[in-house]
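Visitor:
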Amino acid sequence: MHEMSLVEAILESLVPLCVENRWRKIERVVLRIGSLRQVIPEALVFCFEAASSGTPLADASIEIKEVPIRQKCASCGLEWEGEVPLGRCSGCRSVEVETIAGLELEIEALEVLENGDEKG
Amino acid sequence: MATKRVSVFKSVLAADEQFALRIRREMDERGVLVLNLIGSPGAGKTSLLEGSLRRCRFRAAVVEGDIATARDAERIASCGVPVVQINTKGGCHLEANLVSKALGAFELDKIDVIFIENVGNLVCPAEFDLGEDCKVAVCSTAEGADKPLKYPHLFHECKAVVLTKKDLSPYVRFDRELFWGDVEALNGKAVKIEVDNLTGEGIDTWLEWVEECLEQKRRP
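Residue numbers (the numbering used here), protein chains in the order written: chain P, 84 to 203; chain F, 815 to 1034.
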């Protein structure tokens, strides 16, 4: 259940950002999460709902964009996508394989409600 | 009032990654090797360390991560090496900010290798960078041979896989070929080591690998 740690990190990063920018609240958080990261979206949303109460993110919705695992062979340059990471290039059998996507844990964007004319 | 979209592109774990970065930088400067041992509860991580600490020729220290109790730290302390216990109080993994504090308790100029024994768990610890040189997966025959494919991130990312409780293999009908075949499929570079913590079989091979890593790190 590392989802709670991720949620805590998201709140620790976004609550100050919200205050700094004098936004009224954050209404939507868009996350990019790599498939290799073993994050369960439902668990993350559940943790977020529990932990965000009383913060400017209290009613925010969470959008999770899952990034598939993408690997590249450093020897022959072959690139592929898959459900499970491979330890060997399926083309040239080299073990020099790099994971180029699938490890993301990023806050990509926010939708925020501004304070408008009101003094923050 | 208006809603607007703001691009952020920030790592969720940015704050903790800074701690990991600092640990890695300091340990690189000092030439101290840091290994992050990850495995299920009962995989034999502490036993592997006990066996290693009694035989190793390098100067070791241990950071013990557990949800509760100082039992593992007590076992390690009896081997005569510096040890710090971190209790995560429910947390299922160690994070770099906790490790960073723990490392402050060591006299780092008297240490060659730091073993971090992560909280027993095959999932979450794989997700957090502790500033280590590499992760080591520790898995026992009793857990069953299907674990690598079920927990691909750890087995894909680790530099070595240590299979423990080799002596139990016939009793639990451990499928050795399936296990190492799946490890190979996920990670063609992983070093594969089998040990029996009770008799000490395989511990020397494991320690030779650790020494090699240390040598490599210190090579100019």
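Here a beta-carbon is modelled for each residue, glycine too, at the ideal position from N, C-alpha and C.
(1) Relative to the C-alpha of Leu982 of chain F, which candidate in F:Val975, F:Cys972, F:Val1005, F:Cys953 has its C-alpha closest?
(2) By the 10 Å Cβ neighbour count, where 16 or more other Cβ atoms means buried, how is Cys972 of chain F classified, buried or exposed?
(3) Note the first and the last residue of the continuous alpha helix (DSSP H) segment covering Asn901 of chain F.
(4) For Gly117 of chain P versus Gly185 of chain P, is the C-beta distance shorter than 9 Å?
(5) Given 8 Å as the limit, is there contact between the stretch 962-979 of chain F and the stretch 913-926 of chain F, that is, 3 or more CB pairs closer than that?
(6) Applying the criterion that 16 or more other CB atoms from any shown protein chain within 10 Å of the CB defines a buried residue, is Tyr965 of chain F buried or exposed?
(7) What alpha helix (DSSP H) runs, 4 residues minimum, are completely inside the stretch 830-886 of chain F?
(8) Tell me which residues share the same chain as Phe988 of chain F and place their Cβ nearer than 7 Å to its Cβ, disregarding the 5 neighbours each side in the sequence.
(9) Would the beta-carbon of Val1044 of chain F fall within 9 Å of that of Ala875 of chain F?
(10) In terms of residue numbering, what span does the alpha helix (DSSP H) encompassing Gln154 of chain P cover?
(11) Please state whether DSSP places Cys953 of chain F in a helix, a strand or coil.
(12) Name the two residues that bound the continuous alpha helix (DSSP H) containing Arg990 of chain F.
(13) Output, in chain order, the set of chain P residues within a Cβ distance shorter than 7 Å of Glu941 of chain F.
(14) Measure the Cβ-Cβ separation of Lys949 of chain F and Leu849 of chain F and say whether it is below 9 Å.
(15) Between Asn932 of chain F and the rest of its own chain, which residues show a CB-CB distance below 7 Å, the 5 nearest in sequence each way excluded?
(16) Classify Lys202 of chain P as helix, strand or coil using the three-state DSSP reduction.
(17) Could you give the DSSP three-state label for Thr817 of chain F: helix, strand or coil?
(18) Pick helix, strand or coil for Ser88 of chain P, following the three-state DSSP scheme.
(19) How far does the beta strand (DSSP E) with Ile116 of chain P in it reach, from first residue to last?
(20) Given that Arg171 of chain P touches chain F, what residues does it touch there, using C-beta distances under 8 Å?
(21) Since Glu921 of chain F meets chain P, which of its residues come closer than 7 Å, beta carbon to beta carbon?
(22) Under 8 Å Cβ-Cβ, which residues of chain P neighbour Cys906 of chain F?
(23) Would you mind working out which of F:Lys1006, F:Asn901, F:Leu867, F:Gly904 sits nearest Ala1035 of chain F, comparing C-alpha positions?
(24) Could you check whether Val1024 of chain F and Leu1004 of chain F sit closer than 9 Å to each other, using their CB atoms as the reference points?
(25) Would you say Leu161 of chain P faces chain F, with C-beta separation under 9 Å as the test?
(26) Can you list, in chain order, the stretches of the beta strand (DSSP E) that have 3 or more residues and sit fully within the stretch 128-185 of chain P?
(27) Three or more C-beta pairs under 8 Å: does that hold for the stretch 129-145 of chain P against the stretch 156-175 of chain P?
(28) Since Thr902 of chain F and Ile881 of chain F are thought to touch, with beta carbons under 8 Å apart, how far apart are those beta carbons, to the nearest angstrom?
(29) Check whether the Cβ atoms of Lys148 of chain P and Glu191 of chain P sit closer than 9 Å, and answer yes or no.
(30) Checking 9 Å against the spacing of the C-beta atoms, do Arg120 of chain P and His967 of chain F come in under that value?
Guide: Per the coordinate set shown:
(1) To locate residue 982 of chain F, count along the second sequence from 1; it is residue 168. Closest by alpha carbon: F:Cys953.
(2) Looking up residue 972 of chain F in the second sequence gives position 158. So Cys972 of chain F ends up on the buried side.
(3) One-based indexing of the second sequence puts residue 901 of chain F at position 87. Segment 897-901 is the beta strand (DSSP E) holding Asn901 of chain F; no alpha helix (DSSP H) there.
(4) Here the question's residue 117 of chain P lines up with position 34 in the first sequence. Here the question's residue 185 of chain P lines up with position 102 in the first sequence. In this structure, the beta-carbon distance from Gly117 of chain P to Gly185 of chain P falls below 9 Å.
(5) no
(6) Numbered from its first residue, the second sequence carries residue 965 of chain F at position 151. The residue in question, Tyr965 of chain F, is buried, as its Cβ has 16 or more Cβ neighbours within 10 Å.
(7) DSSP runs (the alpha helix (DSSP H)) wholly in the stretch 830-886 of chain F: 859-869.
(8) Walking along the second sequence from the start, residue 988 of chain F turns up at place 174. The answer, listed in chain order, is Thr955, Ala959.
(9) Outside the shown range of chain F (815 to 1034) lies residue 1044 of chain F, about which nothing can therefore be said.
(10) Numbered from 1 along the first sequence, position 71 holds the residue referred to as residue 154 of chain P. Here Gln154 of chain P belongs to no alpha helix (DSSP H); instead the beta strand (DSSP E) covers 152-156.
(11) For the purposes of this step, residue 953 of chain F is identified with residue 139 of the second sequence, where counting begins at 1. Three-state DSSP puts Cys953 of chain F in a strand.
(12) Sequence index remark: in the second sequence, residue 990 of chain F carries index 176 (1-based). Residues 990-1000.
(13) What you label residue 941 of chain F is simply residue 127 of the second sequence in a count that begins at 1. Within chain P, the residues near Glu941 of chain F are His85, Arg120, Gln121.
(14) For the purposes of this step, residue 949 of chain F is taken as the residue at position 135 of the second sequence. For the purposes of this step, residue 849 of chain F is taken as the residue at position 35 of the second sequence. Cβ atoms of Lys949 of chain F and Leu849 of chain F: closer than 9 Å.
(15) Walking along the second sequence from the start, residue 932 of chain F turns up at place 118. Contacts found: Asn850, Leu851, Ile852, Gly879, His907, Leu908, Pro939.
(16) Within the first sequence, numbered from 1, the residue matching residue 202 of chain P stands at position 119. Since pLDDT at Lys202 of chain P reaches only 47, below the 50 mark, its modelled position is unreliable, and no value is offered.
(17) By 1-based counting over the second sequence, the position of residue 817 of chain F is 3. Strand at Thr817 of chain F.
(18) What you label residue 88 of chain P is simply residue 5 of the first sequence in a count that begins at 1. Helix, per DSSP.
(19) For the purposes of this step, residue 116 of chain P is identified with residue 33 of the first sequence, where counting begins at 1. Taken as a continuous stretch (DSSP letters only), the beta strand (DSSP E) holding Ile116 of chain P covers 108-117.
(20) Translated into the one-based positions of the first sequence, residue 171 of chain P becomes position 88. Glu998, Ala999, Gly1002, listed in chain order.
(21) Taking the second sequence and counting its residues from 1, the one referred to as residue 921 of chain F is at position 107. Within 7 Å Cβ-Cβ: nothing; Glu921 of chain F doesn't reach chain P, min ~30 Å.
(22) Residue mapping note: residue 906 of chain F aligns to position 92 of the second sequence, counting from 1. In chain order: Met84, His85.
(23) Lying before the first or after the last residue shown, residue 1035 of chain F is absent from chain F, which here runs from 815 to 1034.
(24) The count along the second sequence starts at 1 and reaches residue 1004 of chain F at position 190. The count along the second sequence starts at 1 and reaches residue 1024 of chain F at position 210. First, the amino acid is wrong: residue 1004 of chain F is Ala here, not Leu. No, the Cβ-Cβ distance between Ala1004 of chain F and Val1024 of chain F is not below 9 Å.
(25) Start at 1 with the first residue of the first sequence, and residue 161 of chain P comes out as number 78. Closer than 9 Å: no.
(26) 144-150, 152-156, 162-165, 180-184
(27) no
(28) Here residue 902 of chain F refers to the residue found at position 88 of the second sequence. Here residue 881 of chain F refers to the residue found at position 67 of the second sequence. 6 Å between Cβ atoms; contact.
(29) As a position in the first sequence, residue 148 of chain P is number 65, starting the count at 1. As a position in the first sequence, residue 191 of chain P is number 108, starting the count at 1. It is a contact, given that the beta carbons lie within the stated cut-off.
(30) Start at 1 with the first residue of the first sequence, and residue 120 of chain P comes out as number 37. Start at 1 with the first residue of the second sequence, and residue 967 of chain F comes out as number 153. Contact: yes.
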